[in-house]
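The opening position of the sequence shown corresponds to residue 1 in UniProt numbering, with each subsequent residue numbered one higher. A short worksheet on the structure shown next.
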Amino acid sequence: MRKQVPAFADIAESIGKRGLLIGFVVSLGAAVLTLFYSDYLGIEPCPLCWWQRIFMFPQIILFGMALWKRDAYIVDYSIVLSVIGGGIALYQHALQMFGEGSLPCPATGPSCAQRILFEFGYITFPLMAVSLFAFIIVTMLYVRANRGLRV
1 MRKQVPAFAD IAESIGKRGL LIGFVVSLGA AVLTLFYSDY LGIEPCPLCW
51 WQRIFMFPQI ILFGMALWKR DAYIVDYSIV LSVIGGGIAL YQHALQMFGE
101 GSLPCPATGP SCAQRILFEF GYITFPLMAV SLFAFIIVTM LYVRANRGLR
151 V
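Spelled out as structure tokens, the structure:
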């Protein structure tokens with residue numbers, strides 16, 4: 001007879017078991033969307049956006065290899081990449097919302113302060129990046145807990 005567990009525990013266990021696939025799909029989706037915006041729609045990414053891409057794109061390869069080899073030990077690497085990328089995105093979002101005086105933007109090229117997307121008075125591209133990085137971090141913490149990896 002199966003022990004009764006709260007619904008949240010079932011969801012957490014399911015995320016922990018499928019977390020690498022979830023991370024792969026999320027990072028691949030983020031890459032496809034950013035490339036769609038830059039290559040198809042012609043919206044050139046600013047320097048801070050490039051830094052966020054630098055910390056998102058390698059995760060596709062990490063998750064792909066982890067799925068292929070059935071190896072969950074990439075969790076720590078993914079968390080580190082996501083924390084750094086999320087920090088950069090949070091920094092850019094804060095500067096877009098509260099002031100642009102110290103944004104590192106070149107004289108030529110796109111401005112990091114320009115809000116290309118601004119929905120509901122607060123949703124910007126950097127905020128979406130923060131959300132994706134945070135989602136990956138939480139998912140990887142579930143994977144680590146579910147697989148019994150070291151903390």
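Yeah, the Cβ is synthetic: ideal placement off N, Cα and C, and Gly gets one too.
With contact defined as three or more Cβ pairs closer than 8 Å, the stretch 73 to 83 and the stretch 37 to 48 are not in contact.
The beta-carbon distance between residue 48 and residue 74, rounded to whole angstroms, is 25 Å. This is too long to meet the 8 Å contact definition. Annotation: the stretch 10 to 94 contains the following complete segments of the alpha helix (DSSP H) (minimum length 4 residues), in chain order: 47 to 69.
Residue 139: member of the alpha helix (DSSP H) spanning 125 to 147, first to last residue. The beta carbons of residue 56 and residue 27 sit closer together than 7 Å. In this structure, the straight-line span from the alpha carbon of residue 70 to that of residue 94 is close to 38 Å.
Annotation: residue 45 to residue 9 spans about 40 Å, alpha carbon to alpha carbon.
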